[in-house]
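Engineer: Structure incoming, see below.
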């Protein structure tokens, strides 16, 4: 009877973890777009909108708007609900006219764009143990609101691929700062390969935290979650310090891949890069990595340490 | 005196940066033609003008090798010149322009600010199909106005790569303004980058070109000035919003070398004068994506026309010129010395520069760039930002003069809209970020009064409100949150006199250009202010103008920042 309880506990941890990232997004999503001043009343009376003004009476003069009340204007309340208020006007001034296609129109307003970001390509020098090579990146292709999004993160050490997480996602714009992502994840590396369905969010959280939060469901009832945060602090226009956090959670043990349930591992990084070009930035940094629970036990059983301070050096490349 | 560049906050490790900013002294097409030491021309100055005047013109659009920065490149040019030749028309005549495409891609020329039949307007996809390779298109139309205008491509990014030139129309009656010298001063932004690449970069990383992002030294300066708590609060506020107070313009001196009449700052375009003469300078911002703050240290500027239309003369030390605007200015240098015409970009990442001098070869001191402007609460919150230090006091039941923006449904739940301003500013007398309280008399729209007033005495019968929206992160720009390719046209009923209300829900300036009809800007009180063809709307500002829908047909209506236009801030207007 112990196992189900444990599974439930793990699931609880998982849910909380996932919520860490997701909560911010949800909150943010309901606050889009952010209005600079919060005016809850739908529409002022007597607003001389559209055809009512038959005189040359200017809108600006006529609507010496007398807000009935000026609400709290702390920044904490300057966000609008995402739904349009009653009385929001129509953007359609066409009176039924449509754009009649004519040769030569050349707008790129929804054209497809491709990009590749190799955010980390680095040598990893652990305090103990052998050196490793790590890579972390993403690539995307698509239009304004819908993109194919590829992610990959992996480590090569001791002469073989230790771990490689790859994801292929459909990324759909949710708000100005957030995308919703749906797709598949496939893990290569030591132990049997694992495949998961993936769904999550990626975007820029308030205070400019680059955030990824993804939930995974795999074969045989496996579940996992991953949350990652990055920040950029500029010393100069080219010298940039990037703190990062990443945590992985699993719903159940996977001894063949040395993974225990619950919070499995946590990484905190600090990388200082210099943008020789915007597209090419060498960096150096430190990463503190900690394994927890059963994952830690598996590693200890193999004589490896559960926590590690790593020195890293690499390049960040962007196209 | 050597020109000086000071650009605090941007470390410049590249040795070629200086030459890149300053450009080559013999840069441009002139170097290719050989023998033109200074690529200069003027209407009645000491230099050889490249003017085409009359009623029939042959223009050839072709690619040309150029070199402005030390790197050979290809430009799109008219008759082998960059800028293209000055076309001089006369009001009351009819002009015929044969434009031949000698390139491998389609092209077009749009006559900016000119009233004409819509099928002569030169916008591919709206007024005609464009000019195919090897073909000649003949534009014919009567000239119904006078003043300073310009022409440019409306195809792809050819406006960025060099296809532009000045247009001066002499009035049918003798000019109200007399001048001894008459120079066009055309401002441009040259880049060695492929504009398609610039656009792709903006779509992926919109702050790529910013050279003045908030950084630690800036933070420490703020902390020293306002205290640590204040600096932290300010930084936290912007970060919370995920906005940057340094987002003044998307494309900057990071890639641009700014040109004056086709000359780099090192090339130093020069206009000659004799002390005591009245010199007319016709400023045209023909850049693709740059705002300039213009002054001539040592000389008072008397501004006499805006967008080709005469205004009541007004004195100023400096003016900000939005993309596609024109300002005619009289200066009267009395001394036998050189004066620098200094046009710094809005974000202080570079400048265009030329010289007024009694003799060729003279130079005056080039001023240092001003400090980098920082957007304030006024630029983010409009009228609300005006109230107190941070504009967010509680209470205040009564706010006279405040106008509430009327948002469209499409602006909500829209990933292409990152902010909405509910209470925009309506005043026209704010020179904008970077020019406020700088100790100089800076021109604003409140100073502009068109001679003779409005052309249309009839009352306004309808109002169309449109909001200027965007998402900086995604680099999506639109009217009402709807990009061009998802939008229906805006219908003006033929003959009606309507009011356009523009509210800027972004933290950038947008120069909004209506083709084919005048935009008669109103004061905040609704009185006629000034007649223009491009109306700049400042961050979080509300501007209204009247339009007489007297030009039937299909017209383009768009932000004249080229990359905003291509990103969707564009509508078709149907007058029928």
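Residue numbers (my numbering), protein chains in the order written: chain A, 1 to 319; chain B, 1 to 576. Glycine included, every Cβ here is placed at the ideal spot set by N, Cα and C. Model, not experiment: these values are computed from the prediction.
Work out the CA separation of residue 318(A) and residue 370(B) for me, nearest whole Å.
Structural biologist: Position 370 of the second chain, counted from the first residue, corresponds to residue 370(B). Position 318 of the first chain, counted from the first residue, corresponds to residue 318(A). In a straight line, the C-alpha of residue 370(B) is about 32 Å away from that of residue 318(A).
Engineer: Determine, using beta carbons only, whether residue 283(B) and residue 296(B) come nearer to each other than 8 Å.
Structural biologist: If you number the second chain from 1, residue 283(B) lands on position 283. If you number the second chain from 1, residue 296(B) lands on position 296. Taking 8 Å as the Cβ cut-off, residue 283(B) and residue 296(B) do not qualify as a contacting pair.
Engineer: Specify the secondary structure class of residue 75(A) as computed by DSSP and reduced to three states.
Structural biologist: The residue given as residue 75(A) occupies position 75 in the first chain. Note that residue 75(A) scores a pLDDT of 35, beneath 50, so its modelled location is shaky; the value from the coordinates is reported in the next line. Residue 75(A): helix per DSSP, three-state reduction.
Engineer: Can you tell me where the alpha helix (DSSP H) with residue 238(B) in it begins and where it stops?
Structural biologist: Your numbering for residue 238(B) matches position 238 in the second chain. Run containing residue 238(B): 228 to 241, per the alpha helix (DSSP H) assignment.
Engineer: Answer with buried or exposed for residue 564(B), where buried requires no fewer than 16 other C-beta atoms within 10 angstroms of its C-beta.
Structural biologist: For the purposes of this step, residue 564(B) is identified with residue 564 of the second chain, where counting begins at 1. Buried is the call here.
Engineer: Applying a beta-carbon distance threshold of less than 8 Å, which residues of chain B neighbour residue 141(A)?
Structural biologist: To locate residue 141(A), count along the first chain from 1; it is residue 141. What residue 141(A) touches in chain B: nothing, since even the nearest Cβ is about 11 Å away.
Engineer: If the cut is a Cβ gap below 8 Å, which residues of chain B does residue 340(A) touch?
Structural biologist: This structure cannot speak to residue 340(A), because chain A is shown only from 1 to 319.
Engineer: Check whether chain C comes within 8 Å of residue 121(A), counting only Cβ atoms and requiring the distance to be less than that.
Structural biologist: Of the protein chains in this structure, namely A and B, none is chain C.
Engineer: What residues of chain B sit near residue 83(A), judged by a beta carbon separation below 8 Å?
Structural biologist: Position 83 of the first chain, counted from the start, is the residue given in the question as residue 83(A). The contacting residues are 412 and 413.
Engineer: Within the continuous alpha helix (DSSP H) that includes residue 293(A), where are the two ends?
Structural biologist: As a working mapping, residue 293(A) is identified with position 293 in the first chain. Counting along the chain, the alpha helix (DSSP H) containing residue 293(A) begins and ends at 293 to 301.
Engineer: So, using beta-carbon positions, are residue 86(B) and residue 168(B) closer together than 8 Å?
Structural biologist: Looking up residue 86(B) in the second chain gives position 86. Looking up residue 168(B) in the second chain gives position 168. Cβ atoms of residue 86(B) and residue 168(B): closer than 8 Å.
Engineer: So the candidates are 172(A), 140(A) and 303(A); which of them puts its Cα closest to the Cα of residue 118(A)?
Structural biologist: On the first chain, position 118 is the one that residue 118(A) refers to. When each option's Cα is compared against that of residue 118(A), the closest is 140(A).
Engineer: Flag residue 206(A) as yes if its beta-carbon sits less than 8 Å from any beta-carbon of chain B, otherwise no.
Structural biologist: Position 206 of the first chain, counting from 1, holds the residue named residue 206(A). Yes - at least one Cβ of chain B is within 8 Å of the one on residue 206(A).
Engineer: So residue 513(B) packs on residue 544(B), CB below 8 Å; how close in whole Å?
Structural biologist: Taking the first residue of the second chain as position 1, residue 513(B) is located at position 513. Taking the first residue of the second chain as position 1, residue 544(B) is located at position 544. With a Cβ gap of about 16 Å, residue 513(B) and residue 544(B) do not count as contacting.
Engineer: By the 10 Å Cβ neighbour count, where 16 or more other Cβ atoms means buried, how is residue 90(A) classified, buried or exposed?
Structural biologist: Reading the first chain from its first residue, position 90 is the one you call residue 90(A). With fewer than 16 Cβ atoms within 10 Å of its Cβ, residue 90(A) is classed as exposed.
Engineer: Identify the continuous beta strand (DSSP E) that holds residue 201(B) and give its terminal residues.
Structural biologist: Indexing the second chain from 1 puts residue 201(B) at position 201. Segment 195 to 204 is the alpha helix (DSSP H) holding residue 201(B); no beta strand (DSSP E) there.
Engineer: Which residue or residues does DSSP assign as beta-bridge partners of residue 152(A)?
Structural biologist: Within the first chain, numbered from 1, the residue matching residue 152(A) stands at position 152. Beta-bridge pairing links residue 152(A) to 137(A) and 166(A).
Engineer: What three-state label does DSSP hand residue 70(A) in the structure shown?
Structural biologist: Taking the first chain and counting its residues from 1, the one referred to as residue 70(A) is at position 70. Any reading at residue 70(A) needs caution, since the residue's pLDDT is 28, under 50, leaving its predicted position unreliable; the model's value is listed next. Note: residue 70(A) maps to coil in three-state DSSP.
Engineer: Expressed to the nearest angstrom, what Euclidean distance is found between the alpha-carbon atoms of residue 480(B) and residue 128(A)?
Structural biologist: Here residue 480(B) corresponds to residue number 480 of the second chain, with the count starting at 1. Here residue 128(A) corresponds to residue number 128 of the first chain, with the count starting at 1. Going from the Cα of residue 480(B) to the Cα of residue 128(A) covers about 58 Å.
Engineer: What separation, rounded to the nearest whole angstrom, lies between the Cα atoms of residue 516(B) and residue 182(B)?
Structural biologist: The residue you call residue 516(B) lines up with position 516 of the second chain. The residue you call residue 182(B) lines up with position 182 of the second chain. Cα to Cα, the separation comes out at about 27 Å.
Engineer: Look up residue 419(B) in the DSSP assignment and say whether it is helix, strand or coil.
Structural biologist: Within the second chain, numbered from 1, the residue matching residue 419(B) stands at position 419. Strand at residue 419(B).
Engineer: Can you list, in chain order, the residues of its chain with a C-beta nearer than 7 Å to that of residue 110(A)? Leave out the 5 residues immediately preceding and following it.
Structural biologist: As a position in the first chain, residue 110(A) is number 110, starting the count at 1. The answer, listed in chain order, is 143 and 144.
Engineer: Going straight from the alpha carbon of residue 165(B) to that of residue 279(A), what length do you get?
Structural biologist: As a first step, residue 165(B) is located in the second chain; it is residue number 165 there, counting from the start. As a first step, residue 279(A) is located in the first chain; it is residue number 279 there, counting from the start. Rounded to whole angstroms, residue 165(B) to residue 279(A) spans 35 Å at the Cα level.
Engineer: Under 8 Å between beta-carbons, which chain B residues line up against residue 92(A)? List them in chain order, please.
Structural biologist: Taking the first chain and counting its residues from 1, the one referred to as residue 92(A) is at position 92. The answer, in chain order, is 488.
Engineer: Per the DSSP calculation, residue 289(A) is bridged to which residue(s)?
Structural biologist: As a position in the first chain, residue 289(A) is number 289, starting the count at 1. Answer by DSSP bridge pairing, in chain order: 267(A) and 308(A).
Engineer: Is the shortest distance between the beta-carbon of residue 237(A) and the beta-carbons of chain B less than 8 Å?
Structural biologist: Residue 237(A) sits at position 237 when you count from the first residue of the first chain. So yes, residue 237(A) belongs to the interface.
Engineer: How should residue 494(B) be labelled, buried or exposed, when 16 other C-beta atoms within 10 angstroms of its C-beta is the threshold for buried?
Structural biologist: The residue given as residue 494(B) occupies position 494 in the second chain. Exposed, by the Cβ-count rule.
Engineer: Roughly how many angstroms lie between the CA atoms of residue 435(B) and residue 442(B), to the nearest whole one?
Structural biologist: Along the second chain, read from residue 1 onward, the residue named residue 435(B) stands at position 435. Along the second chain, read from residue 1 onward, the residue named residue 442(B) stands at position 442. Each residue's Cα considered, the two are about 7 Å apart.
Engineer: Buried or exposed, going by whether 16 or more other CB atoms sit within 10 Å of the CB of residue 419(B)?
Structural biologist: The residue you call residue 419(B) lines up with position 419 of the second chain. The residue in question, residue 419(B), is buried, as its Cβ has 16 or more Cβ neighbours within 10 Å.
Engineer: Using only the alpha-carbon positions, how far apart do residue 498(B) and residue 529(B) sit?
Structural biologist: For the purposes of this step, residue 498(B) is identified with residue 498 of the second chain, where counting begins at 1. For the purposes of this step, residue 529(B) is identified with residue 529 of the second chain, where counting begins at 1. Whole-angstrom Cα-Cα distance: 16 Å.
Engineer: Closest Cβ-Cβ distance between residue 44(B) and chain A: below 8 Å?
Structural biologist: Taking the first residue of the second chain as position 1, residue 44(B) is located at position 44. Note on residue 44(B): pLDDT 37, under 50, position unreliable in the model; no value is reported.
Engineer: Would you tell me roughly how many angstroms separate the C-alpha atoms of residue 50(B) and residue 144(B), rounded to the nearest one?
Structural biologist: Counted from its first residue, the second chain places residue 50(B) at position 50. Counted from its first residue, the second chain places residue 144(B) at position 144. Their backbone Cα atoms lie some 24 Å apart in a straight line.
Engineer: Rounded C-beta distance between residue 131(B) and residue 99(B)? I'm assuming under 8 Å.
Structural biologist: For this step, residue 131(B) is matched to residue 131 along the second chain. For this step, residue 99(B) is matched to residue 99 along the second chain. Right, their Cβ atoms sit about 6 Å apart.
Engineer: Near residue 232(A), what residues of its chain come up, given a Cβ to Cβ distance below 6 Å and the 5 sequence neighbours on each side ignored?
Structural biologist: As a position in the first chain, residue 232(A) is number 232, starting the count at 1. Taken in chain order, the residues that qualify are 240 and 242.
Engineer: Does any residue of chain B bring its CB to less than 8 Å from the CB of residue 180(A)?
Structural biologist: Position 180 of the first chain holds residue 180(A). No, residue 180(A) lies away from the interface with chain B (no Cβ there is under 8 Å from its Cβ).
Engineer: Distance check for residue 275(B) and residue 525(B), CA to CA, integer angstroms please.
Structural biologist: As a working note, residue 525(B) is residue 525 in the second chain. As a working note, residue 275(B) is residue 275 in the second chain. Approximately 43 Å between the Cα atoms of the pair.
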